[in-house]
Structures are given as C-alpha cells and as structure tokens.
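Residue numbers (this note's numbering), protein chains in the order written: chain A, 1 to 338; chain B, 339 to 664. For each residue, glycine too, the CB sits at the ideal point set by N, CA and C.
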Ligand SMILES: Cc1ncc(C[n+]2csc(CCOP(=O)(O)OP(=O)(O)O)c2C)c(N)n1
Ligand SMILES: [Mg+2]
C-alpha cells in the first residue's frame, strides 16, 4: 500500500464518520425519519474489507450485501453518497427512489445488493449471489456483512451448511460489536468467539481486530483471495464497537460509561491517524484540510442535493410493486375460448 | 396432442425452459437424484447435472433465500417446496424478501423466481400436511400467485412464470398430479393473469381455482340434469384477480357460488365476493354463497376429513341455495 493509498483511506474514514454524524443532525432536524442505524466506530471493517474486494459495479465487481446499518457499505461499494443521503431524505433521486430509506439502500450499478432489516436474512441471499456468480463463472464473489446478533438466527446455520456443501464463493464478515441492540453477547450467545461457530460446517474462519484498518486489510486480503481462488466460503470475524446507540432512540443504559471510554481510546480513525502522522505521511494540518473539504462537500453537494431533490409522486405509489412493463406473452390477457 | 399427466406437464416445462436458458436452475428437497416427490423433475438431474438440478438440505427458509439471491443476479431459479405446509418456514424470505425487494429498491433489483408447491389436502395426511394457504400468499403485495387446474395450465403457466420478472408462487395440488389432459405438442405459454370460463352457462356462475374448479364442473353437470345451466369460472390467478371476467359472468347469470378449499375466515371466497359486491352488486338476484373448508386443523380420520373439506356435493347444494331451490 502506497502512502497515497493510506492518506486516501484515512480521508475515506473521516468522510464516513462525518457523513454519519450529519445523518444524525438531519434526523434531529426531522429531515430523516424512521429508523437510522449509524456506523460510527466500525468504519475500519467495511473500509478495510471492501478495499481488498473488487468494487465499483459491472460484471466483474464483487457483490456486497448487509443489514440495516448499511450507508457506508453502499458508499464504499461505489454508491454516490448524495444518492444515499437523498434516500434518507426519502427523495425520488435516492438510491431506492425514496421507497427504501436508511435500512434499504440498493444500488445494482455498484453491485450493492441491498440493506435488509430482517436480522439474519442476508445470509442466504448472499449465498445466492455467490451461487449466481459461480454459475456464470464470472470470478465475482459475494461479501456479506452482518452483526454478531445475526448469528443466532437459523439462517446462519442453514446458510453456512449449504455454502459449504455447495462450495459457494461467499465471504461472511461478522462485525462483532458485542451487542444486539441492548443485549450483550454473553447474555445471548453460548460462545463469544463467533468464528468458532462455523467449524461444524467445515468452513475456514478467523478472528481479527476490527479497529485497526491495516489489520483488517491484511486479513481481508487473505480471505478474499481464498474465496475467489478456492471457490469456497470463508467466515471472518472482526472485533469492533459501535460508538453511538443502536438506532436513534437508545439511551445506552445497558453499557457503562467506562466501557465506552475504553473503546473510544481504540477509535479506528484515531489509531490510523496517529500512525500516519508518526510515519510522516500526513500532518495535523493535512487532516484539518481534509476535514474542511469533507465538510464542504457534504454541505454544498450531498445535503444540498438531498434537500433540493423532488419527493416521489403519489401518482407513482404502486409503481415497482410488480414489473412495470411486463411481456404480454407471459402475463396476459387470456383469450377466452367462449 | 399428447395426453399428459399434471406432473408430466410440469416436467416438460422444466425441461424446455432449462434447455432454452442456461440460467434456469431447479432447487428443492429430493428433486435431483430422487426425481422429486411428485416426479415433476424426474430425469432432469441426469440431463442437466447437479449444478442445475440442485438437491437441497431441509432448510426451506434459506434455500429459498439462496434462490432469491441467485435471481437478483440474473438466474431463473424454480424452487420446489415439497408441501405448502413447509413453505411456512420460508415465509420470511418469500414475504419479507422476494415480494419486497423490487419495491424497496425502487424497481432497481428484480427477483425473477418461481416457487412451486402443492397446496391442498390429499388423503388422510392430517393437520400438518394439509394446509391450504392460498389466501395468505394472495394477500402479499409483490407476489404473483397462480393455481393451474390441469396439465395445460401447469405446463404453460410454469413456462410463463420462469420468464416473468416477478416472483411467482405456483400452487399445485396433491390430488391433481395424476390428472390427465390433452396437451398440444408444440411449445406454448399460458398467461399468468386472467380468469377463464371453462364451461359456459346462463343461470349461475360457479367460481373455483386449482382443485375446486373440478368440484364446480361436477356440480355443474348435476345442475344440468336439474335443468340449470351453470357457468364455471376458473380464477387461474389469485394475484392479481381478474375482476372483469367475474363481473361479466355475473352480469349474465346474476347468481354466484365461490368454491375454495381454504378455510373460510379471511379466505379466497371472502375476497372474491367482496369484489363482486363492489363491482356488480345490483346485478345479483340473490345472496352469494361461499363453499369452503371447516375452520379446523384437518383431521386424520377419513370421515372427519371428508366433513372438513368441500366436495362437489357441497358446491351443488350451495348452488341450490342460491337458486332458491332449498
Ligand atoms: C428478525 C428480526 N428480529 C429482530 C429485529 C430487531 N433488531 C434489529 S437490529 C437487532 C440487533 C442485531 O444485532 P447485531 O446483529 O449484532 O447487529 P448490530 O446492530 O450490532 O450491528 C434486533 C434484535 C429485526 N430487525 N429482525
Ligand atoms: Mg452487534
């Protein structure tokens, strides 16, 4: 990795943090409704893993799928941030035309195959994306990001089994932040180390620090290469921490201030920043400049675009339920005999 | 013309669609090496191989989800769920994923997937193998639901379903897999929408779908002996419903019986009759009647089972009631 790459990755993570903070503000201003799950604290995982994947869409880029905490996974896959923000604003220019919202970002042009609200549901969908890629021999793999809590769903076990039996090229990325909303992993789950849970399915697995992007990248590279070359699944676990509440109305009464303070010392952005400063790759002044540019871009481009975009038309309420332009040969009308 | 059984018609549709498009795959329990519980995929494993005729483990929710994921990237999976009772385990992926992905993505991602499943009562299979859940799928936005009554539709609708860009649920019936019909030899498609008048009549309309069409036809024959000319209408698709064809028939006959094998509360008949009241209330000369299963888990005992499930006689008696003859 070149110094320029390191600088770019730092800037990306600074951008993601500010993007999510700005979503928080827009939510407080009631510009964004519904549920809003922010990614702050976990940036090194999606940034590091997807840096090692083929992103950007097209028939060679990998497929990415995740849960409801999905903004950053979409952006790192190649979805324009302004389309993500417009989606949160419910606008027609949003990545899902305002029909999906925060939890349902979709962008097939970036091979970002969606954010899903049902905990654990993306496991089989991801295996299906991988089955499609394998069938088409396209060299693509599927990458599925989910939380520790999702591993307690039946879909986890069912999918690990089938992905293994059918040798599907899918990378399962477990973002273990030790909480499922307000329930600590030790209170819900028999083992804290999630990577151990797949050994019964004969899937290769490993566990790594999710707060250090360089550790994430190194581990992710090995995993991505394995999945692509061996055409087999891999389960990779990252230990991380969510800095904000689960969604917007979360008083975080289930964890202590001391615990939060301990983890904030391991802020993935600060760790990487300090390392780059120490190595002389960036200066404090460079970082200040980056932050100003990010602030400017978010306000004058992203937020402005979301604010000024039109609402979807009520006349198009039922558009997209079924294929809008079906082939009459398959659909009808039926020519009655009588 | 060739006489084909319902299962043979389904098999032929699979075979042609798989030969036509390498992206068509079949998935399900025991469909490959074993040839399928109802033989509907027999021989295809040898012809197309394990990669395209996929024997799944008993994981309904997740193998359906895998089919959905594959369909999102251009594959055309045909999934067999051995019994509609087991489809309940896959409701999350069918209802929360397949049916909603197009809408949630603003029309950007499609799920062109077919789910085939028998959804009726056979003989003495008892409560956990006799569910009829048509009413549940027909109330889900984003799905198409079709109910072929015989080999011609079983073949032609499966072929259309494979090529359609929407998720399609095909409800078959345990008691119809051996039903035979003359099927034209050349390739043809049957549309996934549109009710069909399968018997022309003047005095009363008997509406059915799937197996209950046959109950209606039997009842119509008996009515003919009584001097009553009954029209029989096969809904064919439960989602969307062809209200126009229903209206036209009732404006002619002014009387209606709806026969369903589902239980009554919130059933297919409730929906059809509500539509009739909304569309052509003043065309009715008497109250509509619905014939339906009893509101019980289906019993094992043969006599009790018979009492729980509608018969042709029930449809006949319902018609007499509408006609004011009892
Ligand atoms: C099937 C289902 N059950 C429950 C919920 C409610 N819920 C939303 S997020 C969540 C916790 C998930 O935790 P985890 O998988 O660890 O992800 P994290 O939020 O920590 O990223 C729960 C219980 C849901 N959305 N879907
Ligand atoms: Mg968690």
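Residue i classed as buried or exposed, judged by whether at least 16 other C-beta atoms fall within 10 angstroms
i, result
"residue 352(B)", "buried"
"residue 641(B)", "exposed"
"residue 339(B)", "exposed"
"residue 579(B)", "buried"
"residue 664(B)", "exposed"
"residue 140(A)", "buried"
"residue 1(A)", "exposed"
"residue 98(A)", "buried"
"residue 337(A)", "Legend: pLDDT at residue 337(A) = 48, less than 50; position of this residue unreliable, value from coordinates given subsequently. Label assigned to residue 337(A): exposed."
"residue 42(A)", "buried"
"residue 341(B)", "exposed"
"residue 396(B)", "exposed"
"residue 9(A)", "buried"
"residue 157(A)", "buried"
"residue 356(B)", "buried"
CB contact flag (residue i, residue j, <9 Å)
i, j, result
"residue 333(A)", "residue 589(B)", "no"
"residue 585(B)", "residue 660(B)", "no"
"residue 83(A)", "residue 67(A)", "no"
"residue 456(B)", "residue 512(B)", "yes"
"residue 146(A)", "residue 122(A)", "yes"
"residue 500(B)", "residue 447(B)", "no"
"residue 255(A)", "residue 39(A)", "no"
"residue 576(B)", "residue 428(B)", "no"
"residue 135(A)", "residue 582(B)", "no"
"residue 50(A)", "residue 269(A)", "no"
"residue 219(A)", "residue 168(A)", "no"
"residue 104(A)", "residue 120(A)", "no"
"residue 247(A)", "residue 35(A)", "yes"
"residue 33(A)", "residue 312(A)", "no"
"residue 110(A)", "residue 55(A)", "yes"
"residue 106(A)", "residue 442(B)", "yes"
"residue 606(B)", "residue 476(B)", "yes"
"residue 540(B)", "residue 567(B)", "yes"
Proximal residues of chain B, C-beta to C-beta of residue i below 7 Å
i, result
"residue 209(A)", "Within 7 Å Cβ-Cβ: nothing; residue 209(A) doesn't reach chain B, min ~30 Å."
"residue 167(A)", "Per Cβ cutoff of 7 Å: no residues; residue 167(A) is ~11 Å from chain B at best."
"residue 108(A)", "446 and 447"
"residue 28(A)", "The contacting residues do not exist; residue 28(A) stays about 25 Å from chain B at best."
"residue 320(A)", "440, 441, 444 and 445"
In DSSP terms, what residue i is bridged to
i, result
"residue 454(B)", "418(B) and 508(B)"
"residue 144(A)", "65(A) and 172(A)"
"residue 552(B)", "DSSP lists no partner for residue 552(B)."
"residue 235(A)", "172(A) and 205(A)"
"residue 629(B)", "597(B)"
"residue 365(B)", "392(B) and 417(B)"
"residue 115(A)", "66(A)"
"residue 545(B)", "571(B) and 596(B)"
"residue 537(B)", "570(B)"
Alpha helix (DSSP H) segment containing residue i, residue limits
i, result
"residue 272(A)", "268-278"
"residue 492(B)", "489-501"
"residue 223(A)", "213-230"
"residue 133(A)", "122-136"
"residue 264(A)", "257-264"
"residue 20(A)", "3-28"
"residue 165(A)", "154-165"
"residue 329(A)", "328-331"
"residue 585(B)", "581-591"
Proximal residues of chain A, C-beta to C-beta of residue i below 8 Å
i, result
"residue 395(B)", "158, 161, 162 and 165"
"residue 502(B)", "323, 326, 327, 330 and 331"
"residue 666(B)", "Given that chain B is displayed from residue 339 to residue 664, the structure contains no residue 666(B) and the question cannot be resolved."
Boundaries of the beta strand (DSSP E) in which residue i is found, first to last residue
i, result
"residue 207(A)", "204-209"
"residue 341(B)", "340-343"
"residue 438(B)", "No beta strand (DSSP E) holds residue 438(B); the alpha helix (DSSP H) holding it covers 437-442."
"residue 518(B)", "518-521"
Residues that residue i contacts on chain B, provided the C-beta gap is smaller than 8 Å
i, result
"residue 37(A)", "Per Cβ cutoff of 8 Å: no residues; residue 37(A) is ~16 Å from chain B at best."
"residue 124(A)", "399, 400, 401, 402, 403, 404, 406, 407 and 431"
"residue 121(A)", "403, 430, 431, 434 and 435"
"residue 104(A)", "442 and 443"
"residue 129(A)", "407, 408, 410 and 411"
Partner residues on chain B for residue i, Cβ-Cβ distance less than 9 Å
i, result
"residue 99(A)", "441, 442, 443, 444 and 445"
"residue 85(A)", "The contacting residues do not exist; residue 85(A) stays about 15 Å from chain B at best."
"residue 300(A)", "Chain B residues near residue 300(A): none, gap ~26 Å exceeds 9 Å."
Proximal residues of chain A, C-beta to C-beta of residue i below 7 Å
i, result
"residue 529(B)", "330, 331, 332, 333 and 334"
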